[in-house]
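Taken in sequence, the protein lines are chains A and B. If you're matching positions, the first sequence starts at 99 in my numbering and goes up one per residue. If you're matching positions, the second sequence starts at 99 in my numbering and goes up one per residue. Structure first, then comments.
There are 2 protein chains.
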Amino acid sequence: MTLNDRRQQILTAALATLREHGSAGFTQARVAARAGVRQSHLTYYFGTRLALLQAVARLAVDGQLAAIDSVFAGPSRTSVAKALANVTVRHESTRVLMALVQAADQEPSLRALCRELAEGIAERTEGFVKRLNVLATREHAHLLHALSVGLAVVDLATQRPNSKRRAAAMLDTTFSLMTSKARS
Amino acid sequence: MTLNDRRQQILTAALATLREHGSAGFTQARVAARAGVRQSHLTYYFGTRLALLQAVARLAVDGQLAAIDSVFAGPSRTSVAKALANVTVRHESTRVLMALVQAADQEPSLRALCRELAEGIAERTEGFVKRLNVLATREHAHLLHALSVGLAVVDLATQRPNSKRRAAAMLDTTFSLMTSKARS
DNA sequence: GTCTATAGATAGATAGAC
DNA sequence: GTCTATCTATCTATAGAC
C-alpha cells in the first residue's frame, strides 16, 4: 500500500525531527525535507499539523512504553535504576515528551494520550516496586514516574555531565528508600 | 525614567503572556498587544526576541526562588509539602519553566540560568531536608527538586483533578521516606 | 531618542493540474 | 488519487519618519 508507506515514511521523519529539534523545530518544511517529499504532502496525508503531531505522539508513546517494558526485567535494583535512567533521561525522548506536554496543554485531545503514557509507566513501575516491597502502592509508582520525568527535564535544561549516572543514583536511592520503609 | 518604565511594562506583559500561553504562544505581537505598545517597540527596547526571553526568564527565576524561600518556613513537614506543591505545581509556572527549558536546550546562554534555578532550589531544599534528617545530602535535595518538576510537568500534561493535593501527598511521602531512613 | 510603517522570512493550508 | 504551485497569515527585524 503506497498510501500507508508514504504515511509511514512521513511519520518516521516527523518523529526524528521532533527528537532532534523539539517542539519549536517541528515544522512541516523540516519534516518534509527529511522525508524527501513536498511540504504540501504532509497536508495531503495528514490534513493538519496537529493531526500529524497526534500520529507522531501515538508512535512515540507506544515506543516509550515498549522501551519501559524491558527496563524492569533487570536483575537487580541498581541495574533497573540504571536502565530506567537510560531510557528516560535522554534528550531525544525528553524533547518528544515536552512537545507532547505542550501540545496537550493547549489541545485537550492529546491529554488522553498523556494520561495513557503516565498510567502505562506507573503500571509497569508498580509491579517492580511491589517486588521490592510488598507494601508499595500505586502512589509510589506515580512518584517514580514523576521523578523520572523531572530528572529528564532538568537534565535537558541544565545539560550537565554525568546526568545519566546521577539520575540512576537518584532512582536507586528512591528505590532504596521505598524498600526500607513502607508508609501509607 | 521612561525607558526603564517601558521596559518594565513590556517585561510584565511578556511574563504574563508566557504564563498564559506558554512557549509557543509567546509572540511579539501578543506581548505587544498586552503591553499596549506596537510590536516593533519590543525590537526597539530589547533588540531580539531571544533577548526579551532572557530578560523574562531572569525575572521568572528570581520570582520563583523568592516564592520557594517562603515555602520552607512552614510549621510542619506536611504543611511544607503542601506549600511546595502550591508553588511548583501551577500551570502558569510550569509553562514558564517549560519555555525556559526548551529555550535552554537550543540556546546554551540560557542554561546557566537554568542551573542557577536548579541550584537555588536545591540549596533551599537542602536546609529543610537536613532539619528532617541530619544525614540528608544534597542529592536528596536535587531529588526533591526533580520530583517537583516532574509533578508539575505531568500535571500540565494530564490536567487531572486534585493534582495539587496528590503532589503534596507525594512530596510528603518522600519527605517521610527520607526522614525514616538515611542511606548513602 | 522614540515610534511607525513596512519589509523579509517562514509558517501552514488550499486550489487545481495531472 | 497523487502531487505541484501558490496563497494567506503571521512572525521577527529593519529602515526611516518625527
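A virtual CB, placed ideally from N, CA and C, is assigned to each residue, including glycine. Quantities reported herein were computed from a predicted structural model and do not represent experimental measurements.
Whole-number beta carbon distance between residue j and residue i, since they are thought to touch under 8 Å
i: D203 of chain B; j: G120 of chain A; result: 6 Å
i: R147 of chain B; j: L211 of chain B; result: 16 Å between Cβ atoms; not a contact.
i: L275 of chain B; j: L275 of chain A; result: 4 Å
i: E237 of chain A; j: T271 of chain B; result: 7 Å
i: G248 of chain A; j: G248 of chain B; result: 3 Å
Check whether residue i and residue j have beta carbons under 9 Å apart
i: T60 of chain A; j: A250 of chain A; result: Residue 60 of chain A falls outside the range modelled here, since chain A spans only 99 to 282, and no answer is possible.
i: A244 of chain A; j: V252 of chain B; result: yes
i: V178 of chain A; j: F170 of chain A; result: yes
i: T256 of chain A; j: R213 of chain B; result: yes
i: L151 of chain A; j: A201 of chain A; result: yes
i: V227 of chain A; j: F273 of chain A; result: yes
i: Q162 of chain A; j: I108 of chain A; result: no
heavy atom of the ligand COA below 8 Å from residue i C-beta
i: L241 of chain A; result: With respect to small molecules bound, the structure shown includes none, and the ligand COA cannot be examined in it.
Residue i versus residue j - alpha carbon distance
i: G134 of chain B; j: A165 of chain B; result: 28 Å
i: M65 of chain A; j: H240 of chain A; result: No answer is possible for residue 65 of chain A: it lies beyond the span of chain A, which begins at 99 and ends at 282.
i: A280 of chain B; j: S278 of chain A; result: Here A280 of chain B scores only 48 on pLDDT, less than 50, and its place in the model should not be relied on; the value that follows carries that caveat. C-alpha separation (whole angstroms): 10 Å.
i: L215 of chain A; j: T115 of chain A; result: 21 Å
i: V167 of chain B; j: S246 of chain B; result: Residue identity check: residue 167 of chain B is Asp in the sequence provided, not Val. Going by the C-alpha atoms only, they are around 15 Å apart.
i: R264 of chain B; j: N184 of chain B; result: 11 Å
i: E221 of chain A; j: K180 of chain A; result: 19 Å
i: V194 of chain B; j: T100 of chain A; result: 43 Å
i: R136 of chain A; j: L242 of chain B; result: 47 Å
i: A266 of chain B; j: E217 of chain B; result: 22 Å
i: R128 of chain B; j: S138 of chain A; result: 28 Å
i: Y142 of chain A; j: T125 of chain B; result: 28 Å
i: A234 of chain B; j: T110 of chain A; result: 45 Å
i: M196 of chain A; j: M196 of chain B; result: 8 Å
Of the residues the options, the one placed nearest residue i, counting alpha carbons only
i: L254 of chain B; options: A:A179, A:G145, A:L198 and A:A158; result: A:L198
i: S207 of chain B; options: B:R264, B:N184, B:L163 and B:A149; result: B:A149
i: G172 of chain B; options: B:T110, B:T223 and B:G145; result: B:T223
i: S261 of chain A; options: A:H189, A:A220 and A:Q107; result: A:H189
i: R229 of chain B; options: B:G248, B:V194 and B:S174; result: B:S174
i: P259 of chain B; options: A:G218, A:L242 and A:R209; result: A:R209
i: A131 of chain A; options: A:T235, A:Y143 and A:A112; result: A:A112
i: E205 of chain B; options: A:T110, A:Q106, A:A122 and A:R105; result: A:A122
i: Q106 of chain A; options: A:E217, A:A234 and A:F144; result: A:F144
**Residues of the region 166-180 of chain A with Cβ closer than 8 Å to any Cβ of chain B, in chain order** = The region 166-180 of chain A vs chain B, Cβ under 8 Å: nothing.
**Request:** Check distances from the C-beta atoms of the region 152-163 of chain A to those of chain B and list, in chain order, the residues that come in under 9 Å.
**Result:** For the region 152-163 of chain A, which is checked against every Cβ of chain B, not one residue is closer than 9 Å.
**Message:** Short of 8 Å Cβ to Cβ, which residues in the region 219-246 of chain B face chain A?
**Reply:** Residues E237, H238, H240, L241, H243, A244, L245 and S246.
**Request:** With 7 Å as the C-beta to C-beta threshold (strictly closer), list the residues of the region 119-153 of chain A near chain B in chain order.
**Result:** For the region 119-153 of chain A, which is checked against every Cβ of chain B, the residues closer than 7 Å are G120, S121 and A122.
**Asked** the region 104-116 of chain B: which residues have C-beta closer than 7 Å to a C-beta of chain A, in chain order?
**Response** Answer set for the region 104-116 of chain B: empty.
**Request:** Name, going along the chain, the residues of the region 179-196 of chain A whose beta-carbon falls closer than 9 Å to a beta-carbon of chain B.
**Result:** So the list reads H189, T192, R193, L195 and M196, given in the order they occur along the chain.
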